[in-house]
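Undergrad: In our numbering, the protein residues as written are 19 to 207. Glycine included, each C-beta is placed from N, C-alpha and C at the ideal position.
1. Alpha carbon to alpha carbon, what distance is there between residue 165 and residue 159?
2. Going along the chain, which unbroken runs of the alpha helix (DSSP H) with 4 or more residues stay wholly within the region 125-198?
3. Given residue 152, which residues of its chain have a CB within under 8 Å of its CB, disregarding the five upstream and five downstream residues?
4. Within this structure, are the beta carbons of residue 79 and residue 28 separated by less than 8 Å?
5. Measuring straight from C-alpha to C-alpha, what distance separates residue 127 and residue 142?
6. Can you grab the Cα-Cα spacing for the pair residue 74 / residue 41, in whole Å?
7. Which term fits residue 92, buried or exposed, when burial requires 16 or more other beta carbons within 10 angstroms of its beta carbon?
8. Please list, in chain order, all residues of the same chain as residue 45 whose beta carbon is under 8 Å from its beta carbon, the five residues on each side excluded.
9. Reducing DSSP to helix, strand and coil, say where residue 102 ends up.
10. Can you tell me whether residue 74 is helix, strand or coil according to DSSP?
11. If you draw a straight line from the alpha carbon of residue 192 to that of residue 62, how long is it in whole angstroms?
12. At the level of alpha carbons, what is the spacing between residue 86 and residue 114?
13. What would DSSP say about residue 200, mapped onto helix, strand or coil?
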């Protein structure tokens with residue numbers, strides 16, 4: 019039995035999966051599977067179902083992706099977020115290997131497409147995601163800068179600090195001391 023897939027932009031976390039699943043269920047459509055960026059269905063949607071679901075998705079900041087290149091970009095984005103947010107992945111492979119496996123394409127073509135479409139390299143996008151995670155961990159105030167560097171597999175505290183300062187203009191310690199931190203949603207990085 020052939021499954022149909024819908025590709026959805028801005029799904030970046032487990033809550034997104036739950037929200038999208040709920041939208042489909044409320045619309046009377048039982049998905050076979052919902053993963054970050056993809057909904058698998060047993061049969062194609064009617065135009066009425068599609069329009070209804072698309073409207074509901076957009077109300078939550080999601081977007082149906084029809085263009086093949088944009089689907090690949092979204093796979094890369096989700097792959098980078100997963101890789102950064104799950105440091106255990108970093109223990110077994112590097113980002114390029116992870117993305118090749120996730121997207122089923124050569125890293126060089128993924129890199130070229132991402133840079134062309136987003137205007138930023140995958141490496142710089144990955145660094146931006148890591149810095150945002152470091153900010154979160156600093157705001158939570160549960161780990162020291164040294165523990166954060168270790169947890170996120172930085173080679174040293176100095177490396178984390180230099181990368182953080184380059185991206186934000188502040189040292190991690192100075193950032194931690196400031197009040198009123200504004201963290202960016204993952205889909206806006």
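TA: Reading off the structure:
1. So the alpha carbons of these two residues sit roughly 11 Å apart.
2. 125-136, 140-158, 163-169, 175-186 and 190-195, all fully within the region 125-198.
3. Excluding sequence neighbours, residue 152 sits near 166, 170, 178, 182 and 190.
4. In this structure, residue 28 lies closer than 8 Å to residue 79 by Cβ.
5. Each residue's CA atom was taken as its position, placing residue 127 and residue 142 some 16 Å apart.
6. Near 7 Å, if we compare the C-alpha coordinates of residue 41 and residue 74.
7. Per the 10 Å Cβ criterion, buried.
8. Within its own chain, the residues whose Cβ lies closer than 8 Å to the Cβ of residue 45, once the five positions on either side in sequence are excluded, are 67, 70, 71 and 74, listed in chain order.
9. Reduced to three states, the DSSP call for residue 102 is helix.
10. The three-state secondary structure of residue 74, taken from DSSP, is helix.
11. Cα to Cα, the separation comes out at about 53 Å.
12. Pairing residue 86 with residue 114, the inter-Cα distance amounts to about 21 Å.
13. Coil.
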